[in-house]
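This report concerns only the one structure given below.
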Amino acid sequence: MRGGKTGITIQSKQGWYGACVRPSRIDPKCQGAVRRTMKVLVAVKRAIDPNVKVRVKADGSDVELGGVKMALNPFCEIAVEEAIRLKEKGVASEVVVVSVGTSAAQEQLRTALALGADRALLVETNAVLEPLSVAKYLSKVIDQEKPQLILFGKQAIDQENNQVGQMVAQLIGSGQATYASAINQVDGQWVVEREVDSGSQVLALAMPAVVTCDLRLNQPRYASLPNIMKAKKKPLEIIAADTLGASVKEHARLLGVVPPAVRKAGINVGSVAELVDKLKNVAGVI
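Residue 15 is where the sequence shown starts when you use this note's numbering, and the numbers rise one by one after that.
Structural data, given as structure tokens:
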């Protein structure tokens, strides 16, 4: 451990990283850090409600979406919550949510507005987009909005690609931190704690920065009825995707979807000897 501009610097197997993460562990030298107001942009996605059983189309071409309840992707909801908390702390002055997709995504944008976002943008397109195309559209929006922080859920629960946030960071030339479990602003930088296999890393990122949010970052709030009503009057701008000037093309195509194999029913056993016999002669694992 050694001193650094951000307060404490921790050495991990991956190198040296500036610290000053959670309020309980902030170095005294960082307590006086000046926090300026800023814009936070949160990218959100419309996905199948996590409580709904996913079904495959009869022809196996894709997942069945007709008549299926849709929701705000849970990881995106965590990102929205974190942006709202930054505003409540006085760090952020505005929270903008953006989605790329069909007009139906307005429902999820209204949900984000009800949670506390200030305004919403929908990049409208009926095309089936791969992650790189989504990232290109979002990078164009970021060029226009000029936020100091761009938040993503770490992945979407439908395809679990975990790619768009990283691609956006590359396209706009910003620093990035993935799997964030804590986000703080210290001395004009974003200080992000992220989870890794060996424990955690702490990264200091210049502004603007891209951060993808993990489950441990926060517990999203529920939208109150008054806020749901207020969300209906908040601005939601629709942008035609083809007006952004993004060059998109297909690099990969979905060939089909196969449902998981049906699990066999278990077998009740009456003794340890019978269990061993079943494991040996039926399951063949010993």
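Built from N, CA and C at the ideal position, the CB exists for glycine as well.
Query                                                                                                  : Result
Candidates G179, R133, L123, of which the one nearest K150 by Cα                                       : G179
Counterpart residues of C90 in DSSP-defined beta bridges                                               : None; C90 has no bridge partner.
For S153, three-class secondary structure by DSSP                                                      : helix
Straight-line Cα distance separating L231 from E96                                                     : 8 Å
Segments assigned alpha helix (DSSP H), at least 4 residues, entirely inside the segment 188-263       : 239-245
Close beta carbons around V68, own chain, < 7 Å, minus the five adjacent residues each side            : I62, V77
Cβ-based burial, M181 [other Cβ within 10 Å; buried from 16]                                           : buried
Closest Cα partner of T192 within the set Q177, P145, Q199, I253                                       : Q177
Beta-carbon proximity of G259 to L219, cut-off 8 Å                                                     : no
Complete alpha helix (DSSP H) runs within the segment 113-148 (minimum length 4 residues, chain order) : 120-129
Buried/exposed call for P249, threshold 16 Cβ in 10 Å                                                  : exposed
8 Å Cβ cutoff met for A131 and R60                                                                     : no
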